[in-house]
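In my numbering, the protein residues as written are 3 to 121.
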């Protein structure tokens, strides 16, 4: 009976960790897409002829802004996003390691239970 309770606890923990990993991976992928979009926009800004007007969408309003100001803001956002991606990757690695450890523990407990139960 204790084995069933322990197995249920392991299964619940495994499910929770797996869901956390799934959410973390999804968030990382979303941020990586955002970084690619920023890189694309920076490329477009670089390709503009000197003196060409640059606008930024703020809410529902487009505001004319200095080209260098927008580039600086985008570079800062890109850097911040890249740091966040690294943090999310570390979180994914930690969750994966914890999931693998939990799976190993479940297998070992199951084997130990079978060994003692079959004697």
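Glycine included, each C-beta is placed from N, C-alpha and C at the ideal position. In this text the structure is predicted, and so the values were computed from the model without any measurement.
In this structure, 55 is the residue among 55, 98, 43 with its C-alpha nearest to the C-alpha of residue 68.
Taking C-beta separations shorter than 6 Å and ignoring five residues to either side along the sequence, the partners of residue 86 in its chain run 33, following chain order. Under DSSP, residue 58 forms a beta bridge with 65. Nearest in C-alpha terms to residue 70, of all of 83, 38, 82, 50, is 50.
CA-CA distance, residue 66 to residue 98, rounds to 46 Å.
Taken through DSSP and simplified to helix, strand or coil, residue 11 comes out as helix. In the assembly as shown, residue 26 is a buried residue. Its beta-carbon has 16 or more other beta-carbons within 10 Å. The beta carbon of residue 37 sits closer than 8 Å to the beta carbons of 80, 83, 84, 87 from its chain, once the five residues preceding and following it are set aside; these are given in chain order. Between residue 104 and residue 76, the C-beta gap is not smaller than 8 Å, which leaves the two residues out of contact.
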